[in-house]
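S.K.:
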Amino acid sequence: MTRLPTGGLIDRTTVLSFTFDGRPYAGHPGDTLASALLANGVHRVATSVNRGRPRGIMAAGVEEASALVQLEAPFPEPMLSATTIELYEGLVARGLPGRGTLADRPDPGRYDAMHVHCDVLVVGAGPAGLMAALTAARAGSRVALVDDQPMVGGSLLGTRGELSDWSASVLAELTSTPEVLVLSRTTAFGYYDDGFVLALQKRTDHLGAAAPDNAARQRIWRIRAKQVILATGAHERPVVFADNDRPGVMLAQAGRTYLNRYGVLAGNRIVVFTTNDSAYVAAVELAEAGAEVTVVDPRTDLAPFWAAECARVGIAVRPGHLVTGTTGEERVTGVHLAAYPSGGASATVHCDLLLVSGGWNPTVHLFSQAGGKLEYDAELGAFLPVAGLPGAGVLGAGVLGVRVSGAAAGAVSLADCLAGGAAEAVAALSDLGVAARPVASPPVGTDRVETAGLVLWAAPVEISLDGSDLSDTRFVDLQRDATVSDVLRATGAGLRSVEHVKRYTTIGTAHDQGKTSGLIASGITADALGVDIADLGTTTFRPPYTSVSFAALAGRDRGAIFDPVRVTAIHPWHIEHGAQFEDVGQWKRPLCYPRRTASGGLEDLPAVVARETRAARTGVAMMDGSTLGKINVQGVDAGEFLDRIYTNIISTLKPGFVRYAVMCGMDGMILDDGTVMRVADTEFVLTTTTGNAAKVLDWLEELAQTEWPDLRVHLTSVTEQWATIPVVGPLSRQVIAAVAPALDVSNEAFGFMTWRSAKIVGIEARICRISFSGELAYEVNVPSWYGIAVWQALFDAGQPYGITPYGTETMHVLRAEKGYPIIGQDTDGTVTPQDLGMSWVVSKKKLDFVGKRSFSRTENQRPDRKHLVGLLPVDRSVLLDEGAQVLADDDVSQLPVAMLGHVTSSYRSVALGGTFGLALVRSGRDRIGERLFAWQDGEVVPVTVTGPVLYDQEGARRDG
Amino acid sequence: MQLISCPWCGPREEAEYHYGGQAHVAYPHEVGALSDADWAHYLFFRDNPRGPFAERWVHAAGCRRWFNAVRDTGTHEILAVYRIGEPQPELGRQASR
Amino acid sequence: MTGPTAVPEHPEFLWRNPEPKPFYDIVVVGGGGHGLATAYYLARNHGITNVAVLEKGWLAGGNMARNTTIIRSNYLWDESSAIYEHSLKLWEGLEEDLGYPILFSQRGVLNLAHSLQDVRDSVRRVNANRLNGVDAEWVDAAGVKELCPIVNISPDVRYPVLGATYQPRGGIAKHDYVAWGFARRADELGIDLIQNCAVTGLDVIGGKVVGVRTTRGDIATGKVALAAAGHSSVLASMVGLRLPIQSHPLQGLVSELLEPVHPTVVMSNAVHVYVSQAHKGELVMGAGIDSFNGYGQRGAFHIIERQMSAALELFPIFARAHLLRTWAGIVDTTPDASPIVGLTPIENLYLNCGWGTGGFKATPGVGWCFAHTVAHDKPHPYNAPFTLERFTSGALVDEHGAAAVAH
């Protein structure tokens, strides 16, 4: 066992059992899956995707490029880093050979989102972040502090408890300060415009099966911050050498973190290969924990402090050397050393753990996403945020409103990180007009970094023990199995851009998005091309910083809440009466009301529609038309406004009258149609088609506000304020008379295209004599609160006449028999009023209206535009497909075939004694009486062209 | 998501707004006298610069008022917002990149 | 390299990196897919090789690097389906023609219908496609399930799947490989591909374009072919040409590598999803276009969130897939959602832009036709309808208004 008897931030009193690759293991709360595996001596956790090489754990955090696992229980989740999974009881996972597996059952998890507005957002709760948050909190600002770990401390968590009391006290103060929000297990993953930062909080994942069902598993925090301080730390960078992918090859800081945070000694014979001083503390602490440690350092000017420390704890140091390769299969067994820079193999050292440090890459992802500029620092071998931009602080850097502090800004020592965090907070607050003082840093040890690091991307390939070409096992991107030789192939192929090299080699495109490999790839590329990496740059840091599940992003906007479901006031009645519904925009509309048949089944659609249309044509029927868009237009200029909107004249309409009207876009194409009711001199109510209501209101408001702000007109959507019930059919007059005894319903007193106020069951109603079926009809409008009561009253009053509720399908048949087009079905955005044969609705008198100028364009003047016509199949039992194409000829042997148009509507009609259709056909009105052919799915149906009005052409039925 | 200041309501999330394209494109006088080409330009042709752009927004999920903004299309930085009818403010700076 | 996610190796050599010469017969502005394909076909079909492709960044680093690689030709209008079908036919022979493994996979494309009007529009389009010689069929919900078992066809979802149009010959390809295939062949044929070379001006004398000013020096030329997608307006404005183009961010995203679950391409205009599973195993998705004009190559995140909600409506199995990387391109949109390819009022200046979300699939087709247009100073029949003049006459090719499917 490699778990030390004491130490670490784990709860040894509780044992958690888990399964990995089918074997049972135990760990403790506070472990990650990675630390628990290492504690059990498991180093190999995965297999490389293309080359099938054993892979282990190379990091202790999100930069892990190797230890990818599939969670299997409590619920399958593909591809997570073992280093980021908090251990829980009953965890089942397996190592991944490169690709994850999606669950085959629905995700029971719940997800949601929260919005936060704050003065200062601090990302990262390490030493810099804690100082920044504390400084801002003490200044009385509204602060949000997010950190991806379950506890604050950041890099301190990997130390021997350094500043742990201080961290705890800062946390306590922050959490007890009003207006301060501390979010742990929360990763800020993207910076968007204007201080908008997205963060993912893993709220219950660490509880495993014990997670409460009713709690959101993960939450997206949408944080809008006036000032952002990035204290995101740095990721240690490896050095590339041959066979650097073996299990047991790990970043130095990771080795130290496993020791101090998890109480795991990941190896007994450890080689620490470092190019800088930062790894020495790991070497010393691991030696003190009982490991036999050798340090390999290509530099010869070792820091005296560290030389002394190594001597004190018995570490053998090999200065002027580097690691060129490793041995071992399932786990590293030894390293090859060579002298540096002279070259030449020198020795093999046995080991069971190889820790590597090539320096540090500041975590600048969010800064870069914010548009921050990066500049190469040759001493650190890393790209750092550029200081001195607007809003930048002294120790850090930033773009407007975004500052970087601590290791993310290139600070190396703990003291600088602490001071930098406070200073950036002071600067940020100053930009907000808040005078603040930096909080005092806690006392820390003296700065031990005494020797500059060596920037080394890859050990030279020519230095190999047996002289063989090892370049093909010098892995730059472990997950993608991409090596130094791949990079060299790319540059050899002529590629000069890191973006091209990335795409050629796939380096940086894997789960870790190149956190440890990206810069190294740039470095190797620059060396190969003989250019300065400072000029070559890096690939773009695209969001998200770490992977985010689709479900978390979808949040609660799923199922019924994916898009609001809109229902009318009468909806419960429709359900009760067995309606089948169709989606029309966001609305649920009754499609039809099938009845039980004698055999106990349900009527099929043709049967229902036959029954419903027959009722409307011969008796009385009613429908719920409440989804029609309704817009109240008021103001002294309302008539003038509507004259400009509609193609016909509205201002001449008198109160008490209703007019059919069409509106076009500026391009002259039909946008919508409906009725306009004049309520009073200065008030109209328009109706729109169901699906266009919002669009039309938007359009009218735009014109009113931006084109004609001088017109005194006010627009209000009243769609949901009114329930609308057309009562249709020759017997409709009797029904209206019955419910509104005070109303004179005679044709003389209440003529077509007029409206009257009347009381129905005590409810003030507006009743319009309008008809979308050609039959005598009354459209009853009442406040929607009373919709269902009035519907019921009409239904009851209609019983003696066999009143029949009908749905949209019957409505469509009735209107199509009369040749009334449905905008959006019989038109498609390329159709003018003239195309529909509705020149009568286009005013010749008006000087201008929206779309008028477009009618005279060349294309609109073509004699062979498509016209709306009727089509009668020669065989009246054949139903045309809506969407069938119309041809002049039935010979389709030569493709492509010229098409004249298409069938827009098609129905079986009781009234017409057979099938019929409407179609848009080129020169259609000039073809009336001609034989054409409808082509549908390979079938050719001969049809005869007719005018669009097929039923009651003389309009005799509208007055009953 | 941009933070856009409605001149009537103050700063609100971009999701509350709808975009309206180029500002200050007036409906032509005497449209009947326009050539087809001029009419086409009014209908379909809009500026599309990289850099400061006077454009329209409507606070659709708020006060439903249209207003104008000058926004840098390269950086998304909003340089000015102003109400319909107000003149486009002078800007002391050019495209930021 | 082998293994489940291995893709074919690239050639050992792709292209030279020449210095710009003082004169070219033709300068193509824009080293994206369209520019590279145009250059290739200028050489291959017309024997014109004294050609430079000027790219302000790195080759194929714009929309070509940022798209979701869907290929299909089942557009509604005759004009559109003709040029896209021409393109699809070229795709079918492209791997051989370019000698490059572009991973063209004809796995079929489904365009879902979610409302009765969607169904009407779909059936209309299928019938039109077939009469235009484009493979297309209407499949019902069960048929959708058969072709793509992970689609949720339950009637209980917010917008149930009522069926789909299916184009079996549609599919995907590997975008970088396509661009590099064109680039490599163009380079082999002697065309200069010049990167990090931004055009800063166009010299026009007597209504004729005669030269190009660039960050790498002035270049004299006989003809200039613009193929700069989202940057077209900026370039055209250098010669006072105003275009009916607006440039918007369009975002895309990928997941981690996943075991194969999605055998085809599914697109839904109504709920705004288009998704395929690429060769290595990542889910590739596109989001809706951001509404505002933008050159920043980034969009707003709520567009991505909305995209995910839509995706999970149709593919509940994706719940715990992870978003790994997002990006944005700059799409050049036109009022009728159809491109502009052809001559301009300035002599010897040619325009190819306005492809919106259709650019990738059109790459070989438009390269072929644009090369013809430039070489002959006359549109190829396939791009003849896509003039700038149509906005004046009103003869639009309105893929937008006709509720056809974007992307």
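Protein chains in written order, with my numbering: chain L, 2 to 961; chain R, 72 to 168; chain X, 6 to 412. Yeah, the Cβ is synthetic: ideal placement off N, Cα and C, and Gly gets one too.
#1: For Y153(R), which residues in chain L fall below 9 angstroms Cβ to Cβ?
#2: My understanding is that V904(L) touches G884(L), with C-beta atoms under 8 angstroms, so please give their C-beta distance in whole angstroms.
#3: Rounded C-beta distance between V911(L) and R615(L)? I'm assuming under 8 angstroms.
#4: Please classify N50(X): is it buried, with 16 or more other beta-carbons within 10 angstroms of its beta-carbon, or exposed?
#5: How would you call L672(L), buried or exposed, if buried means at least 16 neighbouring beta carbons within 10 angstroms?
#6: Nearest to V893(L) by alpha carbon, out of L59(X), G98(X), A315(X) and N137(X)?
#7: Could you check whether the Cβ of F306(X) sits closer than 8 angstroms to any Cβ belonging to chain R?
#8: Within the 8 angstroms Cβ cut-off, does Q251(X) reach chain R?
#9: So is N119(R) in contact with chain X if we call contact Cβ pairs under 8 angstroms?
#10: Please list, in chain order, the chain X residues whose beta carbon lies closer than 9 angstroms to that of Q706(L).
#11: I need the boundaries of the alpha helix (DSSP H) containing F306(X), first residue and last residue.
#12: As a quick exercise: from L319(X), D30(X), A147(X) and G66(X), pick the residue whose alpha carbon is nearest that of A555(L).
#13: Have a look at S92(X) and A126(L) and give me their C-alpha separation to the nearest angstrom.
#14: In or out: W786(L) buried (at least 16 other Cβ within 10 Å) or exposed?
#15: By the three-class DSSP mapping on this structure, what secondary structure does L105(R) have?
#16: Apart from the five residues on each side of it in sequence, which residues of its chain come closer than 6 angstroms, Cβ to Cβ, to M132(L)?
#17: Is the Cβ of T144(R) closer than 8 angstroms to any Cβ of chain L?
#18: For R225(L), return the contacting residues in chain R, with the cut-off set at a CB-CB distance below 7 angstroms.
#19: Taking a contact to mean a Cβ-Cβ separation below 8 angstroms, would you say P864(L) touches H578(L) in this structure?
#20: Provide the residue span of the beta strand (DSSP E) that contains L338(L), from first to last.
#21: Under three-state DSSP, which class holds T3(L)?
#22: Could you compute how far the alpha carbon of E451(L) sits from the alpha carbon of K516(L)?
#23: Given a cut-off of 8 angstroms on the beta-carbon distance, is the pair A140(L) and L430(L) in contact?
#24: Kindly provide the ranges of any alpha helix (DSSP H) runs that are 4 or more residues long and lie completely inside the stretch 320-386 of chain L, ordered along the chain.
#25: State yes or no: is the C-beta of G434(L) within less than 8 angstroms of the C-beta of G264(L)?
#26: What's the gap between the Cα of A86(R) and the Cα of V239(X)?
#27: Only counting runs of 4 or more residues, tell me where the alpha helix (DSSP H) segments fall wholly within the stretch 517-600 of chain L, in order along the chain.
#28: Anything in chain L within Cβ reach of V128(X), meaning under 7 angstroms, just list it in chain order.
#29: So, with DSSP's three-state summary, where would you put E310(L)?
#30: So R136(R) contacts chain L; which residues on that side make the cut at Cβ distance below 8 angstroms?
#31: Would you kindly work out how many angstroms separate the C-alpha atoms of G133(R) and E708(L), rounded to a whole number?
#32: For chain L, check one thing: does any of its Cβ atoms lie closer than 8 angstroms to the Cβ of R127(R)?
#33: Between the C-alpha atoms of Q282(X) and L288(X), what's the straight-line distance to the nearest angstrom?
#34: To the nearest angstrom, report how far apart D638(L) and L712(L) are at their CA atoms.
#35: Quick one: which chain X residues come within Cβ less than 8 angstroms of G92(R)?
#36: With DSSP as the reference, please indicate the residues paired to N633(L) in a beta bridge.
M.R.: Considering the structure as presented:
#1: By Cβ distance, chain L contributes nothing, its closest Cβ being about 13 angstroms from Y153(R), past 9 angstroms.
#2: 6 angstroms
#3: 5 angstroms
#4: exposed
#5: buried
#6: N137(X)
#7: yes
#8: yes
#9: yes
#10: Within chain X, no residue comes near Q706(L); the closest Cβ sits about 18 angstroms away, beyond 9 angstroms.
#11: F306 to L319
#12: L319(X)
#13: 54 angstroms
#14: exposed
#15: coil
#16: L419, G422 and A423
#17: no
#18: L74
#19: no
#20: V333 to A340
#21: coil
#22: 27 angstroms
#23: yes
#24: 366-370
#25: no
#26: 28 angstroms
#27: 519-530, 534-537, 551-555 and 572-577
#28: D882, E883 and G884
#29: helix
#30: Q706
#31: 21 angstroms
#32: yes
#33: 4 angstroms
#34: 6 angstroms
#35: Q251 and N298
#36: V686(L) and T717(L)
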